[in-house]
């Protein structure tokens, strides 16, 4: 036994990469109900998307250097855990302010994982394997935003907007 950590499967890398586009787009169909539930303006509800994206962008700037210093696995695990905490907090949020905080945590966690999944591929695969794996991850990053609003709408219609966040909590836990 070499003592080296086991290389993650492509399925795990794809699932990690899908968290960010899914989380961004699953909530969009619930915006009118969120506005009614919290008695907030539609502009305030739009902040759930804006702050999510800001958190994604900022975390991607720092996740690379942090993962170089502390390792990919601890940073990925921390990012997914942060995503799960944000999803859980959003699912139980009693106020719009707490929902906004939850979306920032989701964005920070998923943004970190989103960036690191490609770095892990470059670290663990040969050049030809990396090209193939990055193509697969990219395909998921393109398809997920197309499927997520439909899925979010179906979940919201059948079970309410909180179930979207419970779904993200379960999905993040499964990926973790």
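Residue numbers (the working numbering): 93 to 268.
Each residue gets a CB set at the ideal place from its N, CA and C atoms; glycine is no exception.
These numbers come from a predicted model, not from an experiment.
- Judged by DSSP secondary structure, residue 133 falls outside any alpha helix (DSSP H); it is assigned neither H nor E.
- Distance from the CA atom of residue 239 to the CA atom of residue 115, rounded to whole angstroms, is 11 angstroms.
- Counting C-beta pairs closer than 8 angstroms gives three or more between the stretch 187-197 and the stretch 128-142, which meets the contact rule.
- Closest in alpha carbon position to residue 206, among 157, 101, 121, 171, is 171.
- Between residue 143 and residue 210 the beta-carbon gap is near 24 angstroms, outside 8 angstroms, which marks them as no contact.
- Take the alpha-carbon of residue 263 and the one of residue 178: they are about 12 angstroms apart.
- Boundaries for residue 119: no alpha helix (DSSP H) harbours it, and the DSSP string shows neither H nor E there.
- According to the DSSP assignment, residue 199 belongs to the alpha helix (DSSP H) that extends over 188-216.
- Closest by C-alpha distance to residue 153, out of 124, 145, 123, 204, is 204.
- Contact between residue 147 and residue 253 does not hold, since the beta-carbon distance rounds to 20 angstroms and is not under 8 angstroms.
- Linking residue 183 to residue 126 through their CA atoms gives a straight-line distance of about 12 angstroms.
- Between residue 106 and residue 232, the C-beta spacing is below 8 angstroms.
- Under the criterion of beta carbons closer than 8 angstroms, residue 256 and residue 119 qualify as touching, at roughly 6 angstroms.
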